[in-house]
Amino acid sequence: MLSKSGRGAAVLRGVAVLAVILVWLGLAGAGGMSIGKLSDVQENDVASFLPEGAESTEAAAAAAEFRDDAVLPALVVVRGEGALTPEQLGTVQAFAEEIPTLELDGGTTVDDLLVAPPVAIPSEDGEAALLTVALDADAANEQIGEERAVNLVVEELRTAVDESLEGEGLEAWVTGPAGAIADLVAAFGGIDGLLLVVALAVVFVILVLVYRSPLLPFTVLFTSLFGLSAAALVVYQLAAADVLVLNGQSQGILFILVVGAATDYSLLVVARYREELRRAESPFTAMRRAVRASIEPIAASAGTVIAGLLCLLLSDLRSNQSLGPVAAIGIAAAFLASMTLLPALLLVGGRRARVVFWPRMPRVEADAADGAAESLEHLESRSGLWGRVSRLIGRHPRRVWLATAAVLAVACVWVPTFEAEGTGESDIFLTEVESVAGEEVLAEHFDAGQVQPVTVVVTEGDLDAVLDAVGQVDGVAAAAPVTEGAGGGRPADPSAPPVVVDGRVLVEVVTEASSESQEATVVVEDLRSAAHEASSGALVGGAAAERLDTQVTSARDLRVIVPTILAVILVVLVLLLRAVVAPVLLILANLLSFGATVGIAALVFNHVLDMPGADASVPLYAFVFLVALGIDYSIFLMTRVREESLAHGTREGVRRGLTVTGGVITSAGVVLAATFGALAVLPLLFLVQLAFLVALGVLIDALVVRTLLVPGLVHDLGAASWWPWHKKIGS
Numbered sequence: 005m006l007s008k009s010g011r012g013a014a015v016l017r018g019v020a021v022l023a024v025i026l027v028w029l030g031l032a033g034a035g036g037m038s039i040g041k042l043s044d045v046q047e048n049d050v051a052s053f054l055p056e057g058a059e060s061t062e063a064a065a066a067a068a069e070f071r072d073d074a075v076l077p078a079l080v081v082v083r084g085e086g087a088l089t090p091e092q093l094g095t096v097q098a099f100a101e102e103i104p105t106l107e108l109d110g111g112t113t114v115d116d117l118l119v120a121p122p123v124a125i126p127s128e129d130g131e132a133a134l135l136t137v138a139l140d141a142d143a144a145n146e147q148i149g150e151e152r153a154v155n156l157v158v159e160e161l162r163t164a165v166d167e168s169l170e171g172e173g174l175e176a177w178v179t180g181p182a183g184a185i186a187d188l189v190a191a192f193g194g195i196d197g198l199l200l201v202v203a204l205a206v207v208f209v210i211l212v213l214v215y216r217s218p219l220l221p222f223t224v225l226f227t228s229l230f231g232l233s234a235a236a237l238v239v240y241q242l243a244a245a246d247v248l249v250l251n252g253q254s255q256g257i258l259f260i261l262v263v264g265a266a267t268d269y270s271l272l273v274v275a276r277y278r279e280e281l282r283r284a285e286s287p288f289t290a291m292r293r294a295v296r297a298s299i300e301p302i303a304a305s306a307g308t309v310i311a312g313l314l315c316l317l318l319s320d321l322r323s324n325q326s327l328g329p330v331a332a333i334g335i336a337a338a339f340l341a342s343m344t345l346l347p348a349l350l351l352v353g354g355r356r357a358r359v360v361f362w363p364r365m366p367r368v369e370a371d372a373a374d375g376a377a378e379s380l381e382h383l384e385s386r387s388g389l390w391g392r393v394s395r396l397i398g399r400h401p402r403r404v405w406l407a408t409a410a411v412l413a414v415a416c417v418w419v420p421t422f423e424a425e426g427t428g429e430s431d432i433f434l435t436e437v438e439s440v441a442g443e444e445v446l447a448e449h450f451d452a453g454q455v456q457p458v459t460v461v462v463t464e465g466d467l468d469a470v471l472d473a474v475g476q477v478d479g480v481a482a483a484a485p486v487t488e489g490a491g492g493g494r495p496a497d498p499s500a501p502p503v504v505v506d507g508r509v510l511v512e513v514v515t516e517a518s519s520e521s522q523e524a525t526v527v528v529e530d531l532r533s534a535a536h537e538a539s540s541g542a543l544v545g546g547a548a549a550e551r552l553d554t555q556v557t558s559a560r561d562l563r564v565i566v567p568t569i570l571a572v573i574l575v576v577l578v579l580l581l582r583a584v585v586a587p588v589l590l591i592l593a594n595l596l597s598f599g600a601t602v603g604i605a606a607l608v609f610n611h612v613l614d615m616p617g618a619d620a621s622v623p624l625y626a627f628v629f630l631v632a633l634g635i636d637y638s639i640f641l642m643t644r645v646r647e648e649s650l651a652h653g654t655r656e657g658v659r660r661g662l663t664v665t666g667g668v669i670t671s672a673g674v675v676l677a678a679t680f681g682a683l684a685v686l687p688l689l690f691l692v693q694l695a696f697l698v699a700l701g702v703l704i705d706a707l708v709v710r711t712l713l714v715p716g717l718v719h720d721l722g723a724a725s726w727w728p729w730h731k732k733i734g735s
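Rendered as structure tokens:
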């Protein structure tokens, strides 16, 4: 029976547990609503991510002076079974006249957003017609109810097209920039529901297999969900206040990162708690020891990831700059949830808290309770697979790490074939969407480059020289200055004089390829060179130029951010492990792992899945997540190895550390890989490629680098691994 002081301490512990749970319930209540509202504060416009110094940004500001309204066009492409008959053209024109009357939510009509009346224009081959619905760009991006106006317009147009042209022998597609935005928003719409459900379901199945318990998986999942709610609450408030930019990609990564990281941290805490329950009768005592032993490696892991993510603030792209803080907030929330909420949930049962492990409840073992160290042979014999791996490392450390490094090096051979120069807008989607299908039809019957022409702002005196220079660029179909009466969706009068603003004129250049294609981006690169040679002050902008600037900036970010991340992580590892050699080895091992991952991905993307290349930001994102997250498993291993080495020497410490952490780190790696793999349910090229790269890289780090390469290296070097403080630790 407990004494009065013992009962008082038990009551205080119970109150503390209850208080922690109540605080998190409050955060989850407020944050749960924020999860559903994150899509309301997203920005997915490429132009909004570019730095102010980008040429396309300066060109857009200069071009805005030549127009009364910024236009966001929705294009309705209509095609018949052959040449369009006069009756069919009449039907199309009647539909064009009906468009302004289409009703949106809140009593708004399409006419309220138009800058010019839609007109049906037949193609030269007579087989198609094009309706340009010129929307005011600012009004189209405003909210109407819970949706942006542009999404409602596209949805209403697609419904009206089906109703008006049905039975007339006509097919129609709503495409153009407005159609692409609506389809992109629809694709990201799966983040709030499908992505989260799939990620949680995958994690739950893995946890059931790991724990073989009906209660523990729910405890860990609750920890992940509550952590996500806290992160969403903070991110929503910052995005709503325009402190940071949130796009669909960042939101998806936030969801996956929090669920994966919180689960990984929870696995480590639970594993150490189970280990301490073999030594202590009181669950509170066992938990206190587990938290004390776990907090340093988990804090180091979270700190390393956060430091790496915050290096994205050095990016010139606002989307990358904001991803760093968004993801860092997610990691911080995952850490707090796993170190506070999880212990509280595990201790809810008080003295009977072991029931959470049912039916495999850990019991106090006499040989463990007396504090005597378990022999290495006994530890390895009862550890199954990881005991056998440990013995292999002990017998042939050099052979193991050399063979492992050689295999990874071979995979690195294909790194130069990884294509990440950029993709067109139509390549973003991996499923059939109407905007892409419509763009293909548009290109068959019209000059696709007319939709969003390249803009060139030049001084009036250089106009003729620039027109002559850009007209000779391969891929340019036509070039002409904007004249009086142009803009707002209205065609220009070729006989009218050009508009002159502050001594400058605006030239519109039509490319043969669609402005949304990667081919147009290549043309813009040549066009810029020609325009700058003809006029040193020329500014080249437009949609294709924005994509080019995004790709150029992404390449610059890769050169600047990668070495910065490596330097930051190296400093963190030196401070954590109190050594220099071991941190350098871990960095080199993870670089080798990253190279192998990219090499294998190049083979899969190019020759198995036949993908059209990768977005220019994919290598940077993959590096940030793989190096920052991949180093986690080496941190988890090496902190335990250092702990064991202080008592048993480095070589035995390696084997002990590998044996006791093998199962939990492998489980953590599989969970994180599976969680990131869930990104592939969203039919977007960038996210599918990132999901493959991170999932594969995490598995290589957890199953190969941490299991064979790092233990073999450290065992081979012995105490020298801890140089220059190696004298404190034996070999």
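Numbering-wise, the numbering used here puts 193 at position 189 of the sequence shown, and it's gapless, one number per residue. By construction, the Cβ of each residue, glycine as well, lies at the ideal position given by its N, Cα and C atoms. Computed from a prediction, not measured in an experiment: that's the story for all the values here.
Are the beta-carbon atoms of A176 and L76 separated by less than 7 Å? Locating residue 176 in the sequence shown gives position 172, where the first residue counts as 1. Locating residue 76 in the sequence shown gives position 72, where the first residue counts as 1. No; because the gap between Cβ atoms is not below 7 Å, this pair is not in contact.
In whole angstroms, what is the alpha-carbon distance linking A410 and I704? In the sequence shown, residue 410 corresponds to position 406, counting from 1. In the sequence shown, residue 704 corresponds to position 700, counting from 1. For A410 and I704, the gap between their C-alpha atoms comes out near 14 Å.
Would you decide whether M642 is buried or exposed? Buried here means 16 or more other CB atoms lie within 10 Å of its CB. As a working mapping, residue 642 is identified with position 638 in the sequence shown. Buried, since its Cβ has 16 or more Cβ neighbours within 10 Å.
Is it a yes or a no for the stretch 448-465 touching the stretch 498-518, going by three-plus beta-carbon pairs under 8 Å? yes
L242 to T408 span [Cα, whole Å]: Counted from its first residue, the sequence shown places residue 242 at position 238. Counted from its first residue, the sequence shown places residue 408 at position 404. Each residue's alpha carbon lies about 45 Å from the other.
Relative to the C-alpha of T179, which residue among A651, A34, F259 and G442 is closest? Numbered from its first residue, the sequence shown carries residue 179 at position 175. Of the candidates A651, A34, F259 and G442, the one whose C-alpha sits nearest the C-alpha of T179 is G442.
Start and end of the alpha helix (DSSP H) containing E175? Here the question's residue 175 lines up with position 171 in the sequence shown. Here E175 belongs to no alpha helix (DSSP H); instead the beta strand (DSSP E) covers L174 to T179.
Excluding five sequence neighbours on each side, which residues of the same chain lie with their C-beta closer than 7 Å to the C-beta of D561? Counting from 1 along the sequence shown, the entry for residue 561 is found at position 557. Contacts found: S319, D320, L321, N324 and L624.
Own chain partners of A306 with C-beta closer than 8 Å, once the 5 adjacent residues on each side are dropped: Counting from 1 along the sequence shown, the entry for residue 306 is found at position 302. In the same chain as A306, and ignoring 5 residues on each side of it, the C-beta atoms closer than 8 Å to its own belong to A265, Y269, I335, A336, A338 and F339, in chain order.
From R364 to A275, what distance separates their C-alpha atoms? Position 360 of the sequence shown, counted from the first residue, corresponds to residue 364. Position 271 of the sequence shown, counted from the first residue, corresponds to residue 275. Going by the C-alpha atoms only, they are around 13 Å apart.
Enclosing beta strand (DSSP E) for A124 [first to last residue]: Working through the sequence shown from its first residue, we reach residue 124 at position 120. Here the beta strand (DSSP E) through A124 covers A124 to P126.
Figure out for me which residue from I639, L688 and R655 has the closest Cα to the Cα of A706. Counted from its first residue, the sequence shown places residue 706 at position 702. With distances taken between Cα atoms, A706 lies closest to I639.
What are the complete alpha helix (DSSP H) segments, minimum 4 residues, inside the stretch 483-556? Fully enclosed alpha helix (DSSP H) runs of 4 or longer: 522-538.
Boundaries of the beta strand (DSSP E) in which A78 is found, first to last residue: Taking the sequence shown and counting its residues from 1, the one referred to as residue 78 is at position 74. Segment V75 to G84, the beta strand (DSSP E) holding A78.
Express the C-alpha separation of Q693 and V207 in angstroms, rounding to a whole number. Indexing the sequence shown from 1 puts residue 207 at position 203. Indexing the sequence shown from 1 puts residue 693 at position 689. Near 21 Å, if we compare the C-alpha coordinates of Q693 and V207.
Which residues share a DSSP beta bridge with F433? On the sequence shown, position 429 is the one that residue 433 refers to. Note: F433 sits in a beta bridge opposite L688.
Can you tell me the Cα-Cα spacing of C315 and A593, whole angstroms? In the sequence shown, residue 315 corresponds to position 311, counting from 1. In the sequence shown, residue 593 corresponds to position 589, counting from 1. Near 21 Å, if we compare the C-alpha coordinates of A593 and C315.
C-alpha gap between A3 and L346, whole angstroms: Here the chain has residues from 5 to 735 only, and residue 3 is not among them.
Which residue marks the beginning of the beta strand (DSSP E) containing T459, and which one marks its end? Taking the sequence shown and counting its residues from 1, the one referred to as residue 459 is at position 455. Run containing T459: V458 to T463, per the beta strand (DSSP E) assignment.
Do three or more CB pairs link the stretch 664-676 to the stretch 600-618 at distances below 8 Å? no
A584 by DSSP, collapsed to three states: which one? As a working note, residue 584 is residue 580 in the sequence shown. The question names Ala, but residue 584 in the sequence shown is Val. Coil.
Measure the alpha-carbon distance for L712 versus A684 and round it to whole angstroms. Indexing the sequence shown from 1 puts residue 712 at position 708. Indexing the sequence shown from 1 puts residue 684 at position 680. Taking the straight line joining both Cα atoms gives about 29 Å.
If the criterion is Cβ atoms closer than 7 Å, does the pair V544 and A63 meet it? Locating residue 544 in the sequence shown gives position 540, counting from the first residue. Locating residue 63 in the sequence shown gives position 59, counting from the first residue. Yes. Within cutoff.
Between the CA atoms of V273 and V714 - distance to the nearest angstrom: The residue given as residue 714 occupies position 710 in the sequence shown. The residue given as residue 273 occupies position 269 in the sequence shown. Their Cα atoms are separated by approximately 23 Å.
Span of the beta strand (DSSP E), counted from its first residue to its last, around A618: The residue labelled residue 618 in the question sits at position 614 within the sequence shown. Run containing A618: none; DSSP gives neither H nor E here.
Whole-number beta carbon distance between S168 and E102, since they are thought to touch under 8 Å: Here the question's residue 102 lines up with position 98 in the sequence shown. Here the question's residue 168 lines up with position 164 in the sequence shown. Correct: roughly 7 Å between the Cβ atoms.
Q92 versus L174: straight-line alpha-carbon distance, rounded: Taking the sequence shown and counting its residues from 1, one reaches residue 92 at position 88. Taking the sequence shown and counting its residues from 1, one reaches residue 174 at position 170. Distance between the alpha carbons of Q92 and L174 is about 8 Å.
Straight-line Cα distance separating G634 from P401: Position 397 of the sequence shown, counting from 1, holds the residue named residue 401. Position 630 of the sequence shown, counting from 1, holds the residue named residue 634. The straight-line gap from Cα to Cα measures roughly 22 Å.
Excluding the five sequence neighbours on either side, which residues of its own chain have a C-beta within less than 8 Å of the C-beta of A74, listed in chain order? Locating residue 74 in the sequence shown gives position 70, counting from the first residue. Within the same chain, A74 has close Cβ partners A68, D140, A141 and D142.
At which residues does the alpha helix (DSSP H) containing D720 begin and terminate? Here residue 720 is taken as the residue at index 716 of the sequence shown, counted from 1. Start and end: V714 to L721.
Tell me the DSSP secondary structure of S725 in three-state form. Position 721 of the sequence shown, counted from the first residue, corresponds to residue 725. Collapsing the DSSP output to three states places S725 in a helix.
Span separating the alpha-carbon of V458 from that of V628: Working through the sequence shown from its first residue, we reach residue 458 at position 454. Working through the sequence shown from its first residue, we reach residue 628 at position 624. A direct Cα-to-Cα measurement between V458 and V628 gives close to 34 Å.
Let me confirm a value: M343 is counted as buried when at least 16 other C-beta atoms fall within 10 Å, else exposed. Which label applies? Counting from 1 along the sequence shown, the entry for residue 343 is found at position 339. By the neighbour-count rule (16 or more Cβ atoms within 10 Å), M343 is buried.
Just the C-alpha distance for P126 and L88, rounded to the nearest angstrom, thanks. As a working note, residue 126 is residue 122 in the sequence shown. As a working note, residue 88 is residue 84 in the sequence shown. Those two C-alpha atoms are separated by around 9 Å.
Roughly how many angstroms lie between the CA atoms of V158 and A78, to the nearest whole one? For the purposes of this step, residue 158 is taken as the residue at position 154 of the sequence shown. For the purposes of this step, residue 78 is taken as the residue at position 74 of the sequence shown. Answer to the nearest angstrom: the Cα atoms are 7 Å apart.
Based on Cα-Cα distance, which residue from V15, V708, I185 and D468 lies nearest to I432? Here residue 432 refers to the residue found at position 428 of the sequence shown. The shortest C-alpha separation from I432 is found at I185.
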